[in-house]
Amino acid sequence: MTTTPRELAQRYDAAAVEPAIYERWMAADAFRPAAEAPPGADRFVITQPPPNVTGALHIGHALTATVEDIMIRYHRMRGDDTLWVPGVDHASIGAQFVLDKIIATDGESRASLGRERYLERMWQFMKDTRPIIGEQHRRLGASVDWSREVFTMDAGSARAVRVAFKRLWDAGLVYRGEALVNWCPRCLTTISDLENVHRDETGTIWTIRYHLERDDGTPDPDAWISVATTRPETLLGDTAVAVHPDDDRYRALVGRHAILPFLGRRLPIVADEHVERAFGTGAVKITPAHDPDDYELAKRHDLPAVTILDEQARINPEGGDFFGRDRYEAREAILDQLREMGDLEAERPHQMVIGHCERCGTVVEPRLSVQWFIRVKPLAERALASVREGRTTILPAHFEKVYAHWMENIHDWAVGRQLWWGHRIPAWFCPDGHATVTDAETAPDACAECGRPGSELRQETDIFDTWFSSGLWPFSTLGWPDSTPDMARFYPTSVMETGYDILFFWVARMMMLGLFCTDAEPFHTVYLHGMIRAPGGVKMSKTKGNSVDPLDLVEEIGADALRFAMVNGSAPGSDQRLTKAKLDGGRNFTNKLWNAARFVLGSRPEPAPAPGEESLAVRWIRSRLADATERATRQLDALDLGGYAATVYDVAWGDYCDWFLEMAKVDLRRDDATDAERAATWSAAADGLGAILRLLHPLMPFVTEEIWQALSDFEPAVGDGESLLIRAAWPVAAPRDIDAESAFDDLAALIRGVRNLRTEAGTPAGVWVPLIVDPTGPEAAAALDSGSAYLQTLARVRPIEVRNDADRPQLVAASPLGAAWLAVDAAADTDVADKRRSRVAELELNIERLTGLLANQAFVARAPASVVERERGRLADLEQQLRQLA
RNA sequence: GGGCGAUUGGCUCAGUUGGUUAGAGCGCACGGUUCACAUCCGUGAGGUCACUGGUUCGAAUCCAGUAUCGCCCACCA
């Protein structure tokens, strides 16, 4: 055992300490669950969103990792069987977007490389980029089980994807069909509704004349129907004009035809109730292949769909003379020509919403194609019931409504992506076009419909939407579909934690797929954190240049300080601004802890054979820590992380540092103390520090661990012999010592009162002044006597004269222990007299109010007795104070 | 067009099942080289809890409505 304190550096150097501490945890294998679950232990398993493989860590990841790490460290200390599986998501569209840019610098492209070489290049890219996120999570202190690290392109994940899809197929929940889907002409793939982000924009709405057909089939130059459109270029794909059946203006035209400009196509004029008479001209051009509304209408009226755009949104050969032009060029050309022909009747600005590709920002194009769909209604119903019936709880609770609303209005999920990087859909086509779905990696033996041999089958080239594999995460990471020990031990998981922005993308999908695949809710609690915003309250984004790099912050102030800043004063689901002031607060708190530890370690007195009597300070801080332990435990159990942070901050700084350590100094340094008493005080200080370190460890793991090492090094008793804080036990709340707390409160009130007097009287802070106290009674006198050493030092008053004295100056500190005043001449100060008068007035006002309240029969009769009692106590206190001031 | 959330001292935010004197940090004012810490210590000022009405002995908290801001969802050309 070391008996001399380890020297703690004068300044805490987070940048140097943190990586070393992480190494120590790794070396001790502290993150991995035991080989077998400890008997009787509760289970606590985190489900986390795997970050995109290509993305550098941003502040949102930092918050995610912090919140999860707090939970897992807390439960680990509780002795629970904990697991937190780390990993990265292959992010197919995102990764391709990044890689496309990289290879473009070499003059290459997807097309120039081809699928096979492109994928080789991608795997090579993965080797470089995959470890980055993990390394960054280490810097934040994330105590994940690295031995179970998962990549969603690993074989295990791939198998889970195939098996899940095959089961959905077998259950009749997968179909292939033609539909109008969201198409990104730049990424060259389908995207889901969720990835199609709508933005308000000011566009133009044009009114165009379609001439009516004459009996001889030619357009009538003098008769037309005017249609309004925001997308003139799509007229090339028009196959009808629609009006409302009850619209008198057009009733006569229904059944006749208009002639499409440029192409001369005959357009039937149809009546449909979905047409809004008041909008535009009341007549709508119908482009089934390029507008979702029109597509639906065309189905009702059995109209053909003509696709006029190619995959890059250029006019295809169907567009006649406009063939080859980009959609916007074509728009201008068409407008010019219509204008020339006199058929462009009007144009005016128009407010509208336009869908953009979430990834690249390109305007999304509805595109008619054959796609794989998952029929999600039945899945959604189950997922909805789980939340409605409380088997899964969402925090904060109001997101349950958001979740329900989305689940109730869900559309079938187009899961296919025309990309290369990702899990290829395990469907195989025979030359006759029959699809066979398999859960094997290789081709099925034969076509399920016509029996053609496997050698003639060709695999689907589409891959899965990344969220399909992410949706399997909670169990695919544990070895599903096999019945692995991990599945049995860790599934279903406990808390799924993420930002509310991916509630639909991911949480909803996990719920649906989890219930379908495993017949169990994949987690019992969904904890959604808010977004971190820039100081102005605006969204952080790299393009705006207002984003902060969490790693820069870690480098500058340390991971602990950043973690504290992000969690303190935050509430789940609420956005927060990360300001300099907040970050400084975290850094300052780290510094405070460090210095408190330096003091404790450096002030150890001579060892004493037997511990002496415990002082008021010791009894008081024990009780405060017991209270904090009880509250912190309750708050962590309720996932109230902001409350937990506030609790430990307050007890550490406000109670332990500001009051206890100052009182402990008095006890350690007073001349009349025995060695035994000093030893008792110090050992309580060390114990208190140990308790604070334990309470704070989930939030600020590094600095607490570093201090713990020094503390437990030469005082193993504090740590129960556990050399690593990460493995130490979470404290058990001891009973409160109400007597000590109330004795302390009385004394502290007096000390504050005297300090206040000094300030008001303008007594220089360093000067010792004599104090006179007139105690309220014998008990107060006794308390005063035993607390006089504290009072002297903390209020810097000496000597203290205790006497009953009716002759009081203007300046008096009123307290439960008695009236006190400084033996200095300050009475001449009129300012002081004013202050006293206003204090008396305030007291009288409050006494009046309380007297009135207590005279109210209804209050006394209906309020709980404890409340009435408390008000009576308050009134008595106030009356006593008033007497002291008189 | 629907839905959700927010509105608390100068700023950023907490506020547990309604309990009567609404908290914190920062900022501000004043004073401090008290041997852990100036990334600190002490003292203080500052709020009719957006507004209106209701329920209640009692409302920042529950209910209804209004206003402002923000977010999400949505197939009106």
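In our numbering, each number is its position in the first sequence, counted from 1, plus 672.
By construction, the Cβ of each residue, glycine as well, lies at the ideal position given by its N, Cα and C atoms.
Values in this document were obtained by computation on a predicted structure and should not be read as measured data.
Name, in chain order, the residues that DSSP records as bridge partners for Glu1432.
Paired residues: none, contrary to the question.
Please classify Met1013 as buried or exposed, where buried requires at least 16 neighbouring CB atoms within 10 angstroms.
With fewer than 16 Cβ atoms within 10 Å of its Cβ, Met1013 is classed as exposed.
With distances taken between CB atoms, is the gap from Leu1557 to Ile1519 smaller than 7 Å?
No; because the gap between Cβ atoms is not below 7 Å, this pair is not in contact.
Can you list, in chain order, the residues of its chain whose CB lies under 6 Å from that of Arg1350, leaving out five sequence neighbours each side?
Taken in chain order, the residues that qualify are Pro1277, Leu1340.
Have a look at Tyr922, Met1079, Arg848, Ala1485 and flag the residue whose alpha-carbon is nearest the alpha-carbon of Val1087.
Of the candidates Tyr922, Met1079, Arg848, Ala1485, the one whose C-alpha sits nearest the C-alpha of Val1087 is Arg848.
Measure the Cβ-Cβ separation of Phe1332 and Ile1293 and say whether it is below 7 Å.
Going by C-beta atoms, Phe1332 is nearer than 7 Å to Ile1293.
Which word fits Leu1265, buried or exposed, when buried means at least 16 other C-beta atoms lie within 10 angstroms of its C-beta?
By the neighbour-count rule (16 or more Cβ atoms within 10 Å), Leu1265 is buried.
By a C-beta neighbour count over all protein chains shown, 10 Å radius and 16 as the cutoff for buried, is Leu1517 buried or exposed?
Exposed, since its Cβ has fewer than 16 Cβ neighbours within 10 Å.
By a C-beta neighbour count over all protein chains shown, 10 Å radius and 16 as the cutoff for buried, is Tyr724 buried or exposed?
A quick correction: the sequence has Asn, not Tyr, at residue 724. Flag for Asn724 reads buried.
Under a Cβ-count criterion, where at least 16 other Cβ atoms within 10 Å of its own Cβ denotes burial, should Thr1215 be classed as buried or exposed?
Looking at its Cβ environment, which holds fewer than 16 other Cβ atoms inside 10 Å, Thr1215 is exposed.
Can you have a look at Cys1032 and say buried or exposed, based on whether 16 or more other CB atoms are within 10 angstroms of its CB?
Answer is exposed; the Cβ neighbour count stays below 16.
Return the chain-ordered list of same chain residues with a C-beta closer than 6 Å to the C-beta of Asp1158, the five sequence neighbours on each side being excluded.
Closer than 6 Å at the Cβ level, and outside the excluded window around Asp1158, lie Leu1150, Gly1151.
Assuming Ala1289 contacts Met1335 (C-beta within less than 8 Å), just tell me the rounded distance between them.
With 8 Å as the limit, Ala1289 and Met1335 qualify as a contact, their Cβ atoms being about 4 Å apart.
Based on Cα-Cα distance, which residue from Thr901, Ala955, Leu969 lies nearest to Leu925?
Of the candidates Thr901, Ala955, Leu969, the one whose C-alpha sits nearest the C-alpha of Leu925 is Ala955.
Would you tell me roughly how many angstroms separate the C-alpha atoms of Tyr922 and Pro964, rounded to the nearest one?
Distance between the alpha carbons of Tyr922 and Pro964 is about 24 Å.
Which residue wins for smallest C-alpha separation from Gly1094, given the options Lys1337, Trp795, Val1036?
Checking every option, the nearest Cα to that of Gly1094 belongs to Trp795.
Which term fits Asn1528, buried or exposed, when burial requires 16 or more other beta carbons within 10 angstroms of its beta carbon?
Label assigned to Asn1528: exposed.
Check whether the region 1169 to 1188 touches the region 700 to 715, taking contact to mean three or more Cβ pairs, one atom from each stretch, closer than 8 Å.
With the cut-off at 8 Å, the region 1169 to 1188 and the region 700 to 715 do not touch.
Using DSSP with H/G/I as helix, E/B as strand and the rest coil, what is Ile980?
In this structure, Ile980 counts as coil in the three-state DSSP scheme.
Leu1067 to Asp1411, Cα distance in whole Å?
Roughly 39 Å separates the two Cα atoms.
Please name the residue in Trp1402, Ser1487, Ala1486 whose C-alpha comes closest to that of Asp752.
Residue Trp1402 is the option with its Cα nearest to Asp752.
On the DSSP letters alone, give me the boundaries of the alpha helix (DSSP H) that Ser781 sits inside.
Ser781 -> no alpha helix (DSSP H), and no H or E assigned at all.
So the candidates are Glu983, Asp919, Pro960, Asp910; which of them puts its Cα closest to the Cα of Gly936?
For the residues Glu983, Asp919, Pro960, Asp910, the minimum Cα distance to Gly936 belongs to Asp910.
Does the count of Cβ pairs from the region 1371 to 1385 and the region 1256 to 1273 closer than 8 Å reach three?
Short answer: they touch.
Between Leu1522, Thr736, Thr824, Val1059, which lies nearest to Trp1145 when the distance is taken from Cα to Cα?
Measuring from the Cα of Trp1145, the nearest candidate turns out to be Thr824.
For Glu1169, does the three-state DSSP call read helix, strand or coil?
Strand.
Going by DSSP, which residues form a beta bridge with Phe716?
Paired residue(s): Thr754.
Which of the three DSSP states is assigned to Ser898 in this structure?
Ser898: strand per DSSP, three-state reduction.
Using the Cα positions of Arg1508 and Gln1482, report the straight-line distance between them to the nearest angstrom.
Roughly 7 Å separates the two Cα atoms.
Which of the three DSSP states, helix, strand or coil, is assigned to Thr674?
Because Thr674 sits at a pLDDT of 44, beneath the cut-off of 50, its placement in the model cannot be relied upon, and the point is left open.
Are there 16 or more other CB atoms within 10 angstroms of the CB of Pro705, so buried, or fewer, so exposed?
Its Cβ being crowded by 16 or more others within 10 Å, Pro705 is buried.
Return the residue from the list Pro1098, Trp1085, Asp1084, Ala1052 that minimises the CA-CA distance to Ala1076.
The option with the nearest alpha carbon to Ala1076 is Ala1052.
In whole angstroms, what is the alpha-carbon distance linking Arg831 and Gly1186?
Their backbone Cα atoms lie some 15 Å apart in a straight line.
Do Gly1202 and Gly1245 come within 7 Å of each other at the CB atom, strictly closer than that value?
Taking 7 Å as the Cβ cut-off, Gly1245 and Gly1202 qualify as a contacting pair.
Rounded to the nearest angstrom, what separates Val1226 and Ala687 at their Cα positions?
Using only the alpha carbons, I get a separation of about 7 Å.
Are Thr1165 and Val739 closer than 7 Å when you measure CB to CB?
No; because the gap between Cβ atoms is not below 7 Å, this pair is not in contact.
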